[in-house]
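Heads up: take any position in the sequence shown, counting from 1, add 704, and you land on the numbering used here.
The beta-carbon is built from N, C-alpha and C at its ideal position, and this holds for glycine as well.
Predicted model only: the values in this text are computed from it and were never measured.
Notes for the one structure printed next.
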Amino acid sequence: MFRNASGNYEKVYMTTEYVIDGSQITSLESFYDEISRVLMPDAYWGRNLDAFNDILRGGFGTPDEGFTIRWSRSDVSKERLGYPETVRQLERRLQRCHPDNRDHIRRELADARAGIGPTVFDWLLWIIQIHGPGGEEEADNVRLVLE
Numbered sequence: 705m706f707r708n709a710s711g712n713y714e715k716v717y718m719t720t721e722y723v724i725d726g727s728q729i730t731s732l733e734s735f736y737d738e739i740s741r742v743l744m745p746d747a748y749w750g751r752n753l754d755a756f757n758d759i760l761r762g763g764f765g766t767p768d769e770g771f772t773i774r775w776s777r778s779d780v781s782k783e784r785l786g787y788p789e790t791v792r793q794l795e796r797r798l799q800r801c802h803p804d805n806r807d808h809i810r811r812e813l814a815d816a817r818a819g820i821g822p823t824v825f826d827w828l829l830w831i832i833q834i835h836g837p838g839g840e841e842e843a844d845n846v847r848l849v850l851e
């Protein structure tokens, strides 16, 4: 048994484990670099949140039976992927988004500037957890361990 990212205990099944080094993550882009280095060296992917979500579904060289992402130094990543990085990412998104989405992004940006709402770190956890126990796509069998 181990304690998962939600703080709950669950059985451990033998799966391939990939360790990402949170001390190497300083931005969303460096998270993509680390995921590329660990999960799919030499593979091309879109390097955005939607593409990351797709990777966790499989078909990019990860095991079909699922896998574990062990996020070492996740406390460092959590700090670096906090509100300042969230503001930066939302500012970038605002410049590229469809005009119909701008008001929504502006509200998220105002919240992030005020230090409320989800951060980039939270976005990543949420995406990973969708593919694990209790998630909408739990059949993908992706487990997250934060260290």
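{"Query": "Inter-residue spacing [alpha-carbon to alpha-carbon] between Asp-804 and Thr-719", "Result": "42 angstroms"}
{"Query": "Three-way DSSP call (helix, strand, coil) for Arg-741 in this model", "Result": "helix"}
{"Query": "Cutoff 6 angstroms; reference His-835; Cβ partners in own chain excluding five residues on either side", "Result": "Leu-760, Glu-841, Asp-844 and Val-846"}
{"Query": "Exposure of Trp-679, with buried meaning 16 or more beta-carbon neighbours within 10 Å", "Result": "Nothing about residue 679 can be reported from this structure: the residues present for the chain run from 705 to 851 only."}
{"Query": "Val-723 versus Gly-821: straight-line alpha-carbon distance, rounded", "Result": "28 angstroms"}
{"Query": "Phe-825 versus Ala-818, Glu-721, Gln-728 and Leu-732, residue with shortest Cα-Cα distance", "Result": "Leu-732"}
{"Query": "Ala-816, buried or exposed, once every other Cβ within 10 Å from all chains shown has been counted against 16", "Result": "buried"}
{"Query": "Secondary structure, alpha helix (DSSP H): runs of 4+ residues fully inside the stretch 773-842", "Result": "778-784, 787-800, 806-817 and 824-834"}
{"Query": "Backbone CA spacing between Arg-797 and Ile-809 [nearest angstrom]", "Result": "8 angstroms"}
{"Query": "Nonlocal neighbours in the same chain, by C-beta distance under 7 angstroms from Trp-648, ignoring five residues either side", "Result": "Residue coverage of the chain in this structure runs from 705 to 851, which leaves residue 648 outside it and unanswerable."}
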